[in-house]
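> Got a structure for you, questions after.
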Amino acid sequence: MKYHLIFLRAISAIVAFGSFAWFLGLIGTQLYRWFRDGAWTRISTSDGLTSLVTSCCMQDGSTGRMADFAQWLGAPASWFGWHRVLELLPASVSLFSLSVLANFVYIYCSDRLEAQRRPAGR
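In this note's numbering, the protein residues as written are 223 to 344.
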């Protein structure tokens, strides 16, 4: 029981702080472009996912689930509403929300581990 809480706490810490670092980097990039060009660069969640999938998980001529997902992000054939949500939702909001959610999981696991360490009478 204890080991899965430790593992989940470690993963949630990595996700929380990693997504928060990406959030800060994204906001920093957008601010830099705004100061340089005078126009806010809009980066949607769909744009971020497309960049992530094509840069880390695919090569030219790839087939499979990631290639299908990248194709769906570019031109959906179904789930049009979900695609629209991903296009409208800023990537910064998605990253910050992911960071907050992962922090909740981290705090929950930490509390459960602390409760297991305490004697039953306290």
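Note that CB positions come from ideal geometry on N, CA and C, so glycine has one too.
(1) Cβ atoms of G270 and A297: under 8 angstroms apart, would you say?
(2) Is it buried or exposed, T285, if we count other Cβ atoms within 10 angstroms and call 16 or more buried?
(3) Where do the N-terminal and C-terminal ends of the alpha helix (DSSP H) with S277 fall, by residue?
(4) Once the 5 residues before and after D259 are set aside, which same chain residues still bring their CB inside 7 angstroms of it?
(5) Alpha carbon to alpha carbon, what distance is there between Q252 and R264?
(6) Leaving out five residues before and five after A235 in sequence, what residues of the same chain have Cβ atoms less than 7 angstroms from its Cβ?
(7) Which runs of the alpha helix (DSSP H) at least 4 residues long sit entirely within the segment 273–338? Give them in chain order.
(8) Decide if C331 is buried, meaning its Cβ has at least 16 other Cβ atoms within 10 Å, or exposed.
(9) Given a cut-off of 8 angstroms, decide if L320 and S266 are closer than it, judged by their beta-carbon atoms.
(10) Is it buried or exposed, L317, if we count other Cβ atoms within 10 angstroms and call 16 or more buried?
Reading it off the structure:
(1) For the pair A297 and G270, the CB atoms are not nearer than the 8 angstroms cut-off.
(2) Exposed: under 16 other Cβ atoms inside 10 Å.
(3) T267 to C278
(4) none
(5) 8 angstroms
(6) Y328
(7) 287–296 and 302–310
(8) buried
(9) no
(10) buried
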